[in-house]
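Novice:
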Amino acid sequence: MKRWSLLIVAIILYFSYGIFLNLFSVSVLNPDLMGFSSGSKYYDYKGVTHVHSSLSTGSAPQDEIAADAREAGLDFIFFTELNYFGNGPRPEGYFEKVLMLQADEISYLDSHLLLYSLTKKSFSTLGEGQAYLSDLITRRRHEQVNEFAVLAHPFKEGDHWSGEYPEGILGIETLNLKSVWQEAWNSTRLSFLWSMFIYPFNPQLALMRMYVEPKREMALWHTLNKRNHTSAFLGNDTTAHSLPLAKGLFKFPTYLDSFRIASNHVLLRSELTGQLAGDKEKIFRALMSGQFYLCLDLLGDPNGFSAELIDQTSTIMLGGQTTFKPNQKILVSLPKKPQVPFEIGLYKDGVLQQTANAQSAIFLIKERGIYNILVRTIPTLPPPDGKKWLPWIYTNAFYIL
Numbered sequence: 150m151k152r153w154s155l156l157i158v159a160i161i162l163y164f165s166y167g168i169f170l171n172l173f174s175v176s177v178l179n180p181d182l183m184g185f186s187s188g189s190k191y192y193d194y195k196g197v198t199h200v201h202s203s204l205s206t207g208s209a210p211q212d213e214i215a216a217d218a219r220e221a222g223l224d225f226i227f228f229t230e231l232n233y234f235g236n237g238p239r240p241e242g243y244f245e246k247v248l249m250l251q252a253d254e255i256s257y258l259d260s261h262l263l264l265y266s267l268t269k270k271s272f273s274t275l276g277e278g279q280a281y282l283s284d285l286i287t288r289r290r291h292e293q294v295n296e297f298a299v300l301a302h303p304f305k306e307g308d309h310w311s312g313e314y315p316e317g318i319l320g321i322e323t324l325n326l327k328s329v330w331q332e333a334w335n336s337t338r339l340s341f342l343w344s345m346f347i348y349p350f351n352p353q354l355a356l357m358r359m360y361v362e363p364k365r366e367m368a369l370w371h372t373l374n375k376r377n378h379t380s381a382f383l384g385n386d387t388t389a390h391s392l393p394l395a396k397g398l399f400k401f402p403t404y405l406d407s408f409r410i411a412s413n414h415v416l417l418r419s420e421l422t423g424q425l426a427g428d429k430e431k432i433f434r435a436l437m438s439g440q441f442y443l444c445l446d447l448l449g450d451p452n453g454f455s456a457e458l459i460d461q462t463s464t465i466m467l468g469g470q471t472t473f474k475p476n477q478k479i480l481v482s483l484p485k486k487p488q489v490p491f492e493i494g495l496y497k498d499g500v501l502q503q504t505a506n507a508q509s510a511i512f513l514i515k516e517r518g519i520y521n522i523l524v525r526t527i528p529t530l531p532p533p534d535g536k537k538w539l540p541w542i543y544t545n546a547f548y549i550l
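First residue of the sequence shown? That's 150 in our numbering, and the numbers climb one at a time after it.
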């Protein structure tokens, strides 16, 4: 009887804690101020650029995944099927309000490359796809007009790039969520198991608490940026496969949970119109040029965020390049002031230069360099975690030469 009593008490405590977690929010923005942002001169469109369906390594058809994207509030989604050489249709267009686009992930040497193109690509064999990539990544940036390659999960175990990085790789995933969860399993297994324990009650919180700063990926990005403009991407890399629990019904993470936790945010001067060709080109050009930022959306809706470089004659958007001039400044605006401690940091060539703790910040530029913004916050996570620094927004770079 004593054992049964202890078991019953444990079950009651578990579900009581679960109810607490179910109601817990890690948002750093005051919900009473939702809808009262500082505004922005840009249109902010969020999307996922790396996801797999059942056409390759994923677990659901593309239309079902697009439905989850719509529920998560995404504006666009790129399906990046791994080594897909089938003849089946891969349609592009709007699924209700979500722009569905097709890209490819191809095994290349010891790594994986993501291929984004304005024109649909079709390869019949892996060798054909690799030969195409081999030609593409040897081209210089100005020679790449309608397609570009991104290095996926650069430090994933077993997928390390060896040797020099080709100049023609125009982007890398500085943050890959699947790699984050895998690293948590490898390095902090008890913490990972705790996340599994609480996942049924608050999936996004369970994922967020395992997040660690991608220091190696960011260092690689800064190194590549010094040689050639390189866009930083956030890869969800979602497959939503079942874990061996509950007869395979427990998926970690689901497509919906992955889409809700983080995404890429493209900033445009004009709205998307609902027309496939024009909207696809706008999203493609913005990604290719670095005109976007990476966000852990679970910490707060960033819509209204902006970062721009102001000089004597013009305004430069993220990913833009200009020459050094006196009195240049970078303006950063948050949609709302976080209700927890936070910091807007200006980085030059990967080194922190200045910080601010206001909803809007002005950073004076004193010398040439490659500059980017990181916004960090200190939310309070439920026991046993407590307070910890978590990044909210990473921007792509401004190039001041």
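Glycine is no exception: its CB is placed at the ideal position from the N, C-alpha and C atoms. None of the values given here were measured: they were computed from a predicted structure.
Compute the Euclidean distance between the alpha carbons of I514 and Y496, then round it to the nearest angstrom.
Specialist: 11 angstroms
Novice: Can you tell which of Q477, L467, S419 and N413 has its C-alpha closest to the C-alpha of D450?
Specialist: N413
Novice: Give a yes or no on contact between the segment 534-543 and the segment 440-460, applying the rule of three or more CB pairs nearer than 8 angstroms.
Specialist: yes
Novice: Cα separation between T268 and E296?
Specialist: 8 angstroms
Novice: Can you tell me which of the three DSSP states L394 falls into?
Specialist: Confidence in L394 is poor, its pLDDT being 49 and thus under 50, which makes the residue's placement unreliable; the coordinate value appears in the next sentence. In the displayed model, L394 falls within coil according to three-state DSSP, outside both helix and strand.
Novice: With Y605 as the anchor, note down where its alpha helix (DSSP H) starts and where it stops.
Specialist: The structure shown does not extend to residue 605, since the chain spans only 150 to 550, so no value can be given for it.
Novice: Per the DSSP calculation, Y257 is bridged to which residue(s)?
Specialist: DSSP links Y257 through a beta bridge to S260.
Novice: Just the Cα atoms here: how many angstroms apart are I465 and R289?
Specialist: Those two C-alpha atoms are separated by around 23 angstroms.
Novice: Return helix, strand or coil for K537, following the three-state DSSP convention.
Specialist: Correct three-state label for K537: coil.
Novice: So, L250 versus E241, is the Cβ gap smaller than 8 angstroms?
Specialist: yes
Novice: So, helix, strand or coil for A507, using DSSP?
Specialist: coil
Novice: Tell me which same chain residues have a C-beta within less than 6 angstroms of the C-beta of S273, skipping the five on either side of it?
Specialist: F234
Novice: Taking all protein chains shown into account, decide if G397 is buried (16 or more other Cβ within 10 angstroms of its Cβ) or exposed.
Specialist: Only weak support exists for where G397 lies, its pLDDT of 46 falling under 50; the value from the coordinates is given anyway. When all chains shown are included, G397 counts as exposed.
Novice: Which first and last residues belong to the beta strand (DSSP E) in which Y233 is found?
Specialist: Run containing Y233: none; DSSP gives neither H nor E here.
Novice: Spell out the partners DSSP gives G242 in its beta bridges.
Specialist: M249
Novice: What are the start and end residues of each continuous beta strand (DSSP E) run of 3 or more residues lying completely inside the segment 293-362, in chain order?
Specialist: 296-300 and 318-325
Novice: Looking at H309 and G384, is the spacing between their C-beta atoms short of 8 angstroms?
Specialist: no
Novice: If you pair each beta-carbon of the segment 423-430 with each one of the segment 370-389, do three or more pairs fall below 8 angstroms?
Specialist: At 8 angstroms Cβ cutoff, the stretches do not touch.
Novice: For A395, I'd like the list of residues in its chain whose CB is within less than 7 angstroms of its CB, leaving aside the five on either flank, ordered along the chain.
Specialist: The predicted model places A395 with a pLDDT of 45, which falls under 50 and marks its position as unreliable, so this point remains unresolved.
Novice: Return the chain-ordered list of same chain residues with a C-beta closer than 8 angstroms to the C-beta of E332, the five sequence neighbours on each side being excluded.
Specialist: Only V361 meet the Cβ criterion.
Novice: Counting Cβ pairs, one atom from each stretch, are 3 or more of them under 8 angstroms apart for the segment 340-350 and the segment 163-177?
Specialist: yes
Novice: What did DSSP end up calling K515 once you bin it into helix, strand or coil?
Specialist: Reduced to three states, the DSSP call for K515 is coil.
Novice: Report yes if the CB atom of I549 is closer than 8 angstroms to the CB atom of G518, and no otherwise.
Specialist: yes
Novice: My output table needs one value for M183: the three-state DSSP class, helix, strand or coil.
Specialist: Reliability of the predicted coordinates at M183 is poor, the pLDDT of 49 falling under 50, and the value obtained from them is presented with this limitation in mind. Coil.
Novice: With DSSP run on the structure shown, which of helix, strand or coil describes A280?
Specialist: helix
Novice: May I ask which residues mark the beginning and end of the beta strand (DSSP E) holding S482?
Specialist: Counting along the chain, the beta strand (DSSP E) containing S482 begins and ends at K478 to S482.
Novice: Given that a residue counts as buried once 16 or more other Cβ atoms are within 10 Å of its Cβ, and exposed if not, what is L162?
Specialist: exposed
Novice: Is the segment 430-437 close to the segment 472-483, with three or more CB pairs under 8 angstroms?
Specialist: no
Novice: Quick check: what's the CA-CA separation for N171 versus Q461?
Specialist: 51 angstroms
Novice: Spatial neighbours of N351 within its chain, please: C-beta separation below 7 angstroms, excluding the five flanking residues on both sides.
Specialist: Result list for N351: L170, N171 and F173, in chain order.
Novice: Taking E492 as the reference, give the member of Q502, K485 and N506 with the closest Cα.
Specialist: N506
Novice: From the DSSP output, in three-state form, read off A426 for me.
Specialist: helix
Novice: May I ask which residues mark the beginning and end of the beta strand (DSSP E) holding I459?
Specialist: S455 to I459
Novice: Straight-line CA distance for M183 to L339?
Specialist: Low local confidence applies: a pLDDT of 49 at M183 is under 50, so the model's placement there is unreliable, with the coordinate-based value given in what follows. Cα to Cα, M183 sits roughly 36 angstroms from L339.
Novice: My guess is that V299 and L263 are in contact by the Cβ rule of under 8 angstroms, so how many angstroms apart are they, rounded?
Specialist: 4 angstroms
Novice: So, using beta-carbon positions, are R219 and V247 closer together than 8 angstroms?
Specialist: It is a contact, given that the beta carbons lie within the stated cut-off.
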